[in-house]
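Single-structure report; data block below.
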Amino acid sequence: YAIGAYTSTILAIELGLPCGICFLAGGIVAAIFAALLILATSRVRGSYFFLISFGFLGVMNTVFMQWRSVTGGASGITNIPPIISGFETVTNNYYIILAFTALAIFIIYLLDRSRFGSELVAIGEAEDLSEVIGINVLGYRVLACAIGALFAGFAGSLFAHYISFIAPTSFPMWTTIYILSWCVIGGVRKVWGPIVGAVLMTFIAEFLRMSGTMQAILYAAALLAAIMAMPDGIIGLVDNLRTRFGKPPPLVRWPRDIADKGIYPP
């Protein structure tokens with residue numbers, strides 16, 4: 001997110017490139033960094049990978065703060081041009097971001113329904129078994145994280161060109177916690193899970209008019225409650241209720257060629 005924002009901003013301010021090119025570059029550079037991080041931590045799993053990811057965030061924040069000649073340091077970068085000239089108003093930016101969000105959801109939905117998505121499900125359900133039967137687990141992990149970072153970089157670019165100012169303080173650690181909370185609370189097994197989590201938590205925080213500190217406490221409490229009470233998130237809870245009281249949810253998708261070998265998820 002921050003890498004995409006800084007990449008797009010620096011290219012627009014220092015090199016004077018068109019904002020459309022800067023926008024694309026922000027996503028691509030973020031995807032490259034994500035791919036390199038996955039390759040460097042290919043043997044790390046679970047909580048250790050989570051800690052390394054947060055360590056990487058700290059390193060990048062330090063780079064943004066100390067590389068003053070490029071990033072502006074703590075003072076940041078100002079006068080960032082709008083992503084589309086003449087569309088500076090809040091309403092216009094709302095529709096630009098809404099269109100990007102809808103397109104991103106549609107693309108991710110198509111990926112989820114594709115063979116690529118099915119094999120990611122297989123890796124998530126049984127990584128060792130998937131590797132044994134010939135799925136390139138590392139390659140799929142790198143590609144999946146790169147795709148996620150691509151969209152995050154695009155979002156960071158839109159953010160920078162919208163507010164026209166960025167600094168290291170524009171990307172606090174709590175932002176990552178919030179995004180993680182949306183995913184865990186909504187559920188990560190379905191495309192709609194993180195969306196449900198984001199809408200619900202944002203609505204509650206806005207409805208209660210919470211300050212930054214109180215909002216952080218709300219998210220922390222909701223995250224802990226979700227982990228303990230509904231580890232599969234709201235979407236997973238709905239599926240469980242459907243199984244118990246009504247129509248069961250669709251079966252887990254499993255690649256056809258793997259199923260033909262008589263191998264199924266545990």
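Quick note on UniProt numbering: the sequence shown kicks off at 1 and runs consecutively. Virtual Cβ for every residue (Gly too), placed ideally from N, Cα, C.
Do residue i and residue j have their C-beta atoms closer together than 9 Å?
| i | j | result |
| --- | --- | --- |
| residue 35 | residue 183 | no |
| residue 147 | residue 31 | yes |
| residue 156 | residue 6 | yes |
| residue 268 | residue 80 | Any answer about residue 268 is impossible in this case: the structure gives the chain only from 1 up to 266. |
| residue 60 | residue 2 | yes |
| residue 214 | residue 178 | no |
| residue 158 | residue 96 | yes |
| residue 142 | residue 38 | yes |
| residue 167 | residue 26 | no |
| residue 83 | residue 20 | yes |
| residue 119 | residue 135 | yes |
| residue 140 | residue 93 | no |
Between which two residues does the alpha helix (DSSP H) carrying residue i extend?
| i | result |
| --- | --- |
| residue 104 | 90–113 |
| residue 240 | 233–245 |
| residue 230 | Careful: residue 230 lies outside any alpha helix (DSSP H) and carries neither H nor E. |
| residue 13 | 2–14 |
| residue 202 | 192–207 |
Compute the beta-carbon to beta-carbon distance between residue i and residue j, rounded to the nearest angstrom, for a pair I have assumed lies under 8 Å.
| i | j | result |
| --- | --- | --- |
| residue 9 | residue 160 | 5 Å |
| residue 49 | residue 41 | 6 Å |
| residue 165 | residue 76 | 6 Å |
Is residue i helix, strand or coil by DSSP?
| i | result |
| --- | --- |
| residue 20 | helix |
| residue 123 | helix |
| residue 171 | coil |
| residue 179 | helix |
| residue 261 | Note on residue 261: pLDDT 48, under 50, position unreliable in the model; the coordinate value appears next. Residue 261: coil per DSSP, three-state reduction. |
| residue 165 | strand |
| residue 41 | coil |
Legend entry - the region 167–185 in contact with the region 224–243 per 3-pair CB rule at 8 Å: yes
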